[in-house]
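Enquirer:
Protein chains: 2
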Amino acid sequence: MGANIRDVSEAAGVSIKTVSRVLNNERYVRPATRARVEQAMSALGFRPSAAARALAGGRSFQIALMCSNPGPYFLHGLMEGLRGPCARRGVRLIVHAYERDAPELGADVRTLIRQMSPDGVILTPPIADHEPVLEALERAGTPYVRISPGVQPGRSAAVSIDNEAAAREMTRMLIGLGHRRIGFIVGHRAYAVSNQRLAGYLDALREAGIGLDLELVQQGWFDFASGEAAATRLLRLADRPTAIFASSDDMAAGVLATAHAQGLRVPADLSIAGFDDTDLARLLWPPLTTMRQPIVAMADRAAALLFDKSGEQVVLPSELVARASTGPAPA
Amino acid sequence: MGANIRDVSEAAGVSIKTVSRVLNNERYVRPATRARVEQAMSALGFRPSAAARALAGGRSFQIALMCSNPGPYFLHGLMEGLRGPCARRGVRLIVHAYERDAPELGADVRTLIRQMSPDGVILTPPIADHEPVLEALERAGTPYVRISPGVQPGRSAAVSIDNEAAAREMTRMLIGLGHRRIGFIVGHRAYAVSNQRLAGYLDALREAGIGLDLELVQQGWFDFASGEAAATRLLRLADRPTAIFASSDDMAAGVLATAHAQGLRVPADLSIAGFDDTDLARLLWPPLTTMRQPIVAMADRAAALLFDKSGEQVVLPSELVARASTGPAPA
DNA sequence: TTGAAAGCGTTACCAA
DNA sequence: TTGGTAACGCTTTCAA
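Residue numbers (the numbering used here), protein chains in the order written: chain A, 14 to 344; chain B, 14 to 344.
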C-alpha cells in the first residue's frame, strides 16, 4: 500500500513528529530538515490518510455542501464555484442532498457532523434559514456559510445578491417596453429569495401605477416542470399576459417550452424573462445582465469565507441578474 | 460532544466489541443484547465516527464520483441517480471534479484513494477510459464502476446505453421526415460516446443513400456555448441544413439559442434534435423518447453495481434516447 | 528546533 | 455468543 508517516520519518532520518510538522506547515522546522522530509515524502509517494488526520486532529479536510434538489443550473453553478477554492486548499467536497421537507433535518446535520466532522458546511436555500440546522452547526462549533439567507443576516457568514433590486429592475424593463400585463412565477415557498423576487416585481408595478392582478401571479417550484405548468395556467387566462417573468432560469425554460408547444413565437407573441443568468438565459435576449453567473460567484465567495473563517456578510454587486426576451411592444 | 462507542457499551452493559458487532450487523449477537445496545445507541444519540471506522476497518462509507466539468444536465442527472442508493446505504458522496486534460490524472486518483480510501468510485467519461486511472484503481483494489465506457467493456462493472443505435434511430427519424441535409454536432473528442453517436448518424445516412457532406459535421464540446458556435457555423453554410442533430442536450440548447438569435422559427425553419432526454429536451417535440432520463438511470444502476460488488456490464434498454423538434417536411 | 509517548474511536484477531 | 487488546496513521502534549 502507500507509505505512511513512519516510513517517511525513517527515510528522512527524523521523527514522526517532524514529518507531521512539515505536513502541517508548522513553524520550528529547519529549512534543511524540511527539505529532506519533503524529498522523502515525494520519493515514497506519501499521501496522508484523511481518516487518521481527522481522528487525531479534528480536521477532516472535507467540507459539506448541503443542497436540496435544485434545478440543474443551480447545482452546476455551485459546483463550478466551489471547485477552484477546494482544489487550492486540498479540501474534498461532500455533496449532501437533503430532502426539502424532511422532518428531521436537524438530526440529519448532526449525523453529518458527528460522522464526518467536516471542516465547514455550506448551506443553500431553503436550509440556510432552518433553525434546527443552524443550531446544530453552532452547537458543534462547525463553521458554516449561508448562501442567500432570508433571515438573521448577521447570524453567520453569508453570501447573497440583492434579489429584490434585481427583480425590480427586470420588471421595470418589461414595463418600459410597454408591457402592462406581466405574469410572474413565484419560486418555491420555502425559499426566502422567492419572496424577495416577488417583492421586487410588486414594487415595480406599484411604482408604475399598474394595479396588481393576482391571476398573473402563479406558484412555481423553481424547476422546469413547474415553469411549464405555471405558464400553461397564465396562457389560459382570458386576458393573457404579454410577458412572463419567471423567477428562475429553470422555470423560464419551462415557460419557453410551453410557448413553443402552443405555437407562440418568442418574443413576438410573448416576452419571457428569467433570473440567474445561467446558460439557459441565452435562450432569451438581449443581454441585459450586469453580473455573469451569480450562482458561481456566490459559491466561490462562500468557499472563501469558509476557509478564511470570516464572519462577513457579502452582498455581491448585482443590480440586475436577469434577462428577458424583448420583442416589439405589445399591442 | 457526541457519545462514542465506549459510552454506548457502558450504558448497555456490554463490551465495546459487542457494540461494534451491532453497528456492523454482524452475526452472533443475541437479539436481546442487540436490542439493549440499540436502545443505548439511540438514547445517547450515538453516531459512529467515519474517520475512526475508516482508520480501523478500511471502509470509509464514502464513494467518490469522478466527473469532469460536464453540462449542468449531466451533472444533475448523476446526482439525482446517486442520491437514493447512497442514502439507503448510509454512504456519503464525494464529488471529485477533475480537469479533463490534466496530465496527472492517475496521480490524482491515487491521491484520492490514499487520502479518502473510498469504498468505491464511479467514473464518468472521459476518465472511464483513462488507463492510468483504471490501473490505479485496480492496483489499490478499489471497486469501481464505469459509466459509458468506450473500450474494454469487460474490464469492470459498467453501465451504458446503446449510443450508436440511439443516434441511428434519431437520424432515421429525421430522414423519414424528409430531411436530407442534416447537420451533426459531435461531442468532445475525449468522450467515447461522441464517436458512437457519430457512427450512428453516419450509418443512417449511408443506409438512406445520402452522401456524407463533411461540412455538415461540426465539432462541439458537449456544452451550451459550443452548441451555439457549431450551429452558427452550420447556418452560415451556403447550402444550409434543414435539421441539426446535436449529440447532447446542452449543445441542442445552444443550437436553439442560435436559431432564436437568427430569427429562425423552430421547427418551421429548422428542426433540432438532441440527445439524453433531460428536461431540456422538452424544449423540442414531439416525445419520441423510449427511455426517460437515461443519465439518472445509469447513475442509479452504477451505484447498485458498486454496492453489490457485481462486475456486471449493463446496457440499459434504450433504442432511442433523443428527441427532435419536427416541423413540416423541408422544401 | 526536535522527539517520545499518549491518545483519537473504531475494527480485527484471538481467547474465553 | 461475548470480551480483551492490539492495531490503524496521524496529531498533540510535554520534554529535551
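All C-beta atoms, glycine included, are put in the ideal place defined by N, C-alpha and C. As the structure is a prediction and not an experimental result, all values here were calculated from the model.
For the pair the region 264 to 272 of chain B and the region 231 to 248 of chain B, tell me if three or more CB-CB distances fall below 8 angstroms.
Expert: As far as the Cβ criterion goes, the region 264 to 272 of chain B touches the region 231 to 248 of chain B, which means the pair count is three or higher.
Enquirer: In whole angstroms, what is the alpha-carbon distance linking residue 216 of chain A and residue 228 of chain A?
Expert: Their Cα atoms are separated by approximately 17 angstroms.
Enquirer: Measure the alpha-carbon distance for residue 133 of chain A versus residue 151 of chain A and round it to whole angstroms.
Expert: Their backbone Cα atoms lie some 11 angstroms apart in a straight line.
Enquirer: Could you please tell me which residues of the region 153 to 167 of chain B, in chain order, have their CB closer than 7 angstroms to any CB of chain A?
Expert: Within the region 153 to 167 of chain B, no residue qualifies.
Enquirer: Output needed for residue 237 of chain B: all residues of its chain with C-beta closer than 8 angstroms, excluding positions within five of it in sequence on either side, in chain order.
Expert: Counting only Cβ-Cβ distances below 8 angstroms, and skipping sequence neighbours, we find 84, 263, 264, 266, 267, 270.
Enquirer: Listed from N- to C-terminal order along the chain, which residues in the region 19 to 32 of chain A have their beta-carbon within a distance smaller than 9 angstroms of any beta-carbon of chain B?
Expert: Against chain B - using a Cβ distance shorter than 9 angstroms - the region 19 to 32 of chain A contributes no residues.
Enquirer: In chain B, which residues lie less than 7 angstroms from residue 96 of chain A when you measure between Cβ atoms?
Expert: Result: 110.
Enquirer: Kindly indicate which three-state DSSP category residue 103 of chain A falls into: helix, strand or coil?
Expert: Residue 103 of chain A: coil per DSSP, three-state reduction.
Enquirer: With C-beta atoms as the reference, is residue 157 of chain B less than 7 angstroms away from residue 136 of chain B?
Expert: Yes, they are a contact pair.
Enquirer: Are at least three pairs of beta-carbons, each pair with one atom in the region 277 to 284 of chain A and one in the region 68 to 75 of chain B, less than 8 angstroms apart?
Expert: Contact fails: fewer than three Cβ-Cβ distances are below 8 angstroms.
Enquirer: From residue 36 of chain A to residue 53 of chain A, what distance separates their C-alpha atoms?
Expert: Computed Cα separation, rounded: 12 angstroms.
Enquirer: In the region 127 to 179 of chain A, which residue ranges form an unbroken alpha helix (DSSP H) of at least 4 residues, counting only runs that do not cross its ends?
Expert: Here the runs fully enclosed are 144 to 153.
Enquirer: Taking Cβ positions, are residue 338 of chain B and residue 285 of chain B nearer each other than 7 angstroms?
Expert: In this structure, residue 285 of chain B lies closer than 7 angstroms to residue 338 of chain B by Cβ.
Enquirer: Determine the extent of the alpha helix (DSSP H) in which residue 70 of chain A is found, giving its start and end residues.
Expert: Start and end: 63 to 70.
Enquirer: Answer with yes or no whether the minimum CB distance from residue 216 of chain A to chain B is below 7 angstroms.
Expert: No, no contact with chain B.
Enquirer: Specify the secondary structure class of residue 284 of chain B as computed by DSSP and reduced to three states.
Expert: Residue state, collapsed to three classes: strand.
Enquirer: Can you list, in chain order, the residues of its chain whose CB lies under 6 angstroms from that of residue 232 of chain A, leaving out five sequence neighbours each side?
Expert: Around residue 232 of chain A: 199.
Enquirer: Which whole-angstrom value describes the C-beta separation of residue 15 of chain A and residue 60 of chain A, a residue pair presumed to lie in contact below a C-beta threshold of 8 angstroms?
Expert: Yes, they are in contact, since the Cβ atoms of residue 15 of chain A and residue 60 of chain A sit about 6 angstroms apart, within 8 angstroms.
Enquirer: For residue 112 of chain B, which residues in the same chain have their Cβ closer than 6 angstroms to its Cβ, ignoring the five residues on either side in sequence?
Expert: Closer than 6 angstroms at Cβ, skipping near neighbours: no residue.
Enquirer: With a cut-off of 7 angstroms, does the C-beta of residue 292 of chain A fall near any C-beta of chain B?
Expert: At least one chain B Cβ lies under 7 angstroms of residue 292 of chain A.
Enquirer: Identify whether residue 196 of chain B lies in helix, strand or coil by the three-state DSSP scheme.
Expert: Looking at residue 196 of chain B - three-state DSSP - the assignment turns out to be strand.
Enquirer: For a test of the three-state rule: what should DSSP assign to residue 223 of chain A, helix, strand or coil?
Expert: It is coil, neither helix nor strand.
Enquirer: Taking its Cβ as the centre, do 16 or more other Cβ atoms sit within 10 Å of residue 115 of chain A, making it buried, or is it exposed?
Expert: Looking at its Cβ environment, which holds fewer than 16 other Cβ atoms inside 10 Å, residue 115 of chain A is exposed.
Enquirer: Taking one C-beta from the region 218 to 228 of chain B and one from the region 160 to 175 of chain B each time, how about it: are there three or more such pairs within less than 8 angstroms?
Expert: No, they do not touch.
Enquirer: When DSSP labels each residue in this structure, what does residue 75 of chain A get in the three-state scheme?
Expert: Residue 75 of chain A: strand per DSSP, three-state reduction.
Enquirer: With 16 as the cutoff for other CB atoms within 10 Å, does residue 29 of chain A come out buried or exposed?
Expert: Exposed, because fewer than 16 other Cβ atoms sit within 10 Å of the Cβ of residue 29 of chain A.
Enquirer: Do we get a CB-CB distance below 7 angstroms when we pair residue 327 of chain B with the residues of chain A?
Expert: Chain A, which has no Cβ nearer than 7 angstroms to the Cβ of residue 327 of chain B, makes this no.
Enquirer: Taking the CB atoms as reference points, tell me whether residue 176 of chain A and residue 127 of chain A lie closer together than 7 angstroms.
Expert: Contact: no.
Enquirer: Using a C-beta to C-beta distance shorter than 7 angstroms, which residues of chain B count as neighbours of residue 129 of chain A?
Expert: By Cβ distance, chain B contributes 63, 105.
Enquirer: Just to confirm my understanding: we take residue 300 of chain A, look at its own chain, exclude 5 residues before and 5 after, and list those with CB closer than 6 angstroms. What are they?
Expert: Low confidence applies to residue 300 of chain A: its pLDDT is 49, below 50, so where it sits in the model is not reliable enough to give any reading.
Enquirer: Decide if residue 181 of chain B is buried, meaning its Cβ has at least 16 other Cβ atoms within 10 Å, or exposed.
Expert: Buried is the call here.
Enquirer: Would you say residue 52 of chain A reaches chain B, if we count a Cβ-Cβ gap shorter than 7 angstroms as a contact?
Expert: No - not a single Cβ of chain B is within 7 angstroms of the one on residue 52 of chain A.
Enquirer: Under the three-state reduction of DSSP, which class applies to residue 251 of chain B: helix, strand or coil?
Expert: Of the three classes helix, strand and coil, the one that applies to residue 251 of chain B here is coil, per DSSP.
Enquirer: So, residue 147 of chain A versus residue 108 of chain A, is the Cβ gap smaller than 7 angstroms?
Expert: No. Outside cutoff.
Enquirer: How about residue 312 of chain B and residue 94 of chain B: do their beta carbons lie closer than 7 angstroms?
Expert: Yes.
Enquirer: Closer than 9 angstroms, Cβ to Cβ, to anything on chain A: give me those residues from the region 186 to 203 of chain B, in chain order.
Expert: Cβ contacts with chain A: none found.
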